[in-house]
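Read in order, the letters of the sequence shown correspond to residues 40 to 503 in the numbering used here. Every residue, glycine too, gets a C-beta built ideally from N, C-alpha and C.
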Amino acid sequence: AGAYDGEARVQSEAALLQVLSAGGFSHPVVTSSLIPDEATRSVTVVFLVDTGMRARFGPLEVSGLPPATVERLTRRVSAAVPEGERWRGERLANVEDALGRISSFAEVEVSPGAQDARGHAPVEVSVTEADSNGLFPILRLASEPTLYAVEGGLGYRTGIVGRQLAMFEVRGALGYRSLAVPVGPNQFWGNHGPSGEVALLSELFLSPLSGLSLVGETEARLEPVQANNVFSSAVRAGLRVRPTPYLEMSATPEIDYWRSFAWPSQQALWDEWFVEPGDPPLPPMLGRHRPSFRPEATGMLLRVALQWVDVDRPLLPSRGGALHIDAVPVGAVGDDLFWRFEATARRYIALGSERWVLVPRLDMGALRFRDPTVPSVPQLRFYLGGGNSLRGWGVARANPPGWDGDVNDYRIGGNVMGLGSLELRFAVWPRLHVFAFSDAGRTWEGLVDRVDRVDRAAGVIEPG
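In structure tokens, the structure reads:
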């Protein structure tokens, strides 16, 4: 007796098809027609259903992939649609959804084929590969009042061991950075030097239908920062699962090696900024706080990551959002235990046209050693800046004010970080985008950043 709803009519047809397919009919046909009644000024919707013959699963037929990949994929997927078993249409949707989560598949379509005389209908899987294999360039540029940097290199991505069931990527880049470090009114010291990275990444899909894969990664990076140079390397291996097309979770044990050092020409800068374990503390009357870091350390940790991405396109999205959580619930540097947590949220908003995109971002993190008085590792601390390693601020702006407000009261990064960023991106061409951004944030030594005067006579200052 309600108003006619064309959308509800279409939804009802789809629901009937789903019920019939789940009931064992591989090729049901559902149509509908309208019968008007002029006397009552109403219409009656009549659904015409042709169930066809009940069917059973036939052979699995995969197209669009190399023969070696077809054989491997058929072997792994056939268990979900075993030949001869009663037809269940929802399994086709499950297979299509699971294969669609594989990053190297651009498009996947699963449909029933024509029934044979025995009533067996083959399951046809059509795959279109993503154009992601081969060489790709790496180029990073930055120019700010206290930071000038350029990095360039190449990467190579390909599939191995049956192509789409295993992915392999290698990349490397070299560059140079120059940082102007303010040490007083109109006084600067400069830290500069080479930068670079190398990484080997691999992923083996153990169970494509469940989205379960084994990942292995090896990476190393050299970076000049405000007052020293840091080298980081890591080897990790673990499991990754994609329960939905938008959600990815992983757990990877990891071994790390960290080193902080100065080139011979920068030794004076290092001596001015850092207290190494065993060195006498800086006299408090100088009004400075110099961090106590480990110049070299080896660590073991468990990294747990969660990534949710729902965007209109994976590269340079214009609509949607993303959430990335990177947590280390337990880690050890020598005998010292620590935990670390960082979360980043982004939102992509098209401003009338997809050529103009507004991208707000929130970033927060915390690091805590079980004994907060032990020397820290610079690479574990948080620094302010943008979405990649080359977007950053000079130390005078990036770090919190000194306890006495003096510009020489140095602090390198922090154990707690909060950052907000607003970015405006414009598409000059489909593959060339320019953007402007503004960041605002702060780092702290702890969740409660305070000064505890333990002994006024001795002038000891302990960060809270």
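The three-state reading of DSSP puts S392 in strand, counting E and B together. DSSP places N454 outside any alpha helix (DSSP H), giving it a letter other than H or E.
Nearest in C-alpha terms to P263, of all of E129, D310, E110 and Y215, is Y215. Within the segment 363-421, complete beta strand (DSSP E) segments of at least 3 residues are found at 375-390 and 392-408, given in chain order. For V68, the pairing in a beta bridge is given by DSSP as D89. Taking 8 Å as the cut-off, the Cβ atoms of S249 and A132 do not count as close.
Contact check for T482 against F421 passes: the beta carbons are separated by less than 8 Å.
Take the alpha-carbon of I294 and the one of S252: they are about 20 Å apart. Residue range E335 to V350 is occupied by the beta strand (DSSP E) that includes Q346. According to DSSP, R464 shares a beta bridge with V396 and F474. DSSP links A259 through a beta bridge to V237 and S272. Bridge pairing for G277: V254 [DSSP]. Beyond the five residues adjoining it in sequence on each side, L174 comes within less than 8 Å, by CB distance, of L193, G194 and Y195 in the same chain, given in chain order. In its chain, beyond the 5 residues on either side, no residue has a beta carbon closer than 7 Å to the beta carbon of G45. Distance check between M339 and each of S272, I388 and E287 places S272 closest, using alpha-carbon atoms only.
DSSP, reduced to helix, strand and coil, places S249 outside both helices and strands of the structure shown, so it counts as coil. By the neighbour-count criterion, in which a residue is buried when 16 or more other Cβ atoms sit within 10 angstroms of its Cβ, S81 is exposed.
The beta carbon of G359 lies closer than 7 Å to those of D349, V350, D351 and Y387 in the same chain, with the five residues before and after it left out. Following the DSSP letters along the chain, one finds V162 inside the beta strand (DSSP E) bounded by residues H159 to E168. Membership of E46 in any beta strand (DSSP E) is not indicated; the residue belongs instead to the alpha helix (DSSP H) covering G45 to A61. In this structure E124 is in contact with R95, their Cβ atoms being roughly 6 Å apart against a cut-off of 8 Å. With contacts defined as CB atoms closer than 8 Å, W378 and L362 fail to qualify as a contacting pair. The segment 227-243 makes contact with the segment 205-215, as at least three CB pairs between them are under 8 Å. Boundaries of the alpha helix (DSSP H) around A137: E129 to L138. Here A119 is near V134, since their CB atoms are less than 8 Å apart. Classified as exposed, V85 has fewer than 16 neighbouring CB atoms from the shown chains inside 10 Å of its CB. Taking C-beta atoms as the reference points, L341 and P292 count as a pair closer than 8 Å.
In this structure, the alpha-carbon of D155 lies about 47 Å from that of E77. Among the bridge pairs identified by DSSP, W483 is matched with V455.
Your pair G128 and S60 checks out as a contact, with CB atoms roughly 3 Å apart and the cut at 8 Å.
Under the DSSP assignment, R125 falls outside any alpha helix (DSSP H); it carries neither an H nor an E label. Apart from the 5 residues on each side of it in sequence, E393 sits with its Cβ closer than 6 Å to the Cβ of S357 in its chain, given in chain order. Annotation for A107: no beta strand (DSSP E) segment contains it, though the alpha helix (DSSP H) segment containing it runs P106 to V116.
In its chain, beyond the 5 residues on either side, S165, V166, T167 and E168 have a beta carbon closer than 8 Å to the beta carbon of G103. In the three-state reduction of the DSSP assignment, P282 falls in the coil class, being assigned neither a helical nor a strand state. Under the three-state reduction of DSSP output, P303 falls in the helix class.
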